[in-house]
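Participant: Counting from 31, one number per residue, gives the positions in the sequence shown under my numbering.
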Amino acid sequence: MTLDEAIARALAAAGLPETGLPPRSLLHPSQYGRLIRWFYRLLVALFAALVAGLIWWGYRNFGTGG
31 MTLDEAIARA LAAAGLPETG LPPRSLLHPS QYGRLIRWFY RLLVALFAAL
81 VAGLIWWGYR NFGTGG
């Protein structure tokens, strides 16, 4: 007899239903989606800051082109 069978017999003898445990994803939801969303937002913000900085640097060093 395996451990699972022994547990099932003990629960049946006590009149308790064998429901088992819920999936780990329900007990401990992942923060992966939220982390990825913030990572991409950070990348977009850094890219926008880089573009703005290069435009500012270009105007400062080379004028408006005219």
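Cβ coordinates follow ideal geometry from the N, Cα and C atoms, glycine included. No experiment lies behind these values; they were computed from the predicted model shown.
(1) With respect to the alpha helix (DSSP H) encompassing S55, which residues constitute its N-terminal and C-terminal limits?
(2) When the Cα atoms are used, what is the spatial distance from L33 to Q61?
(3) Once DSSP output is grouped into helix, strand and coil, what is the label at G93?
Facilitator: So, from the data block:
(1) R54 to L57
(2) 34 angstroms
(3) coil
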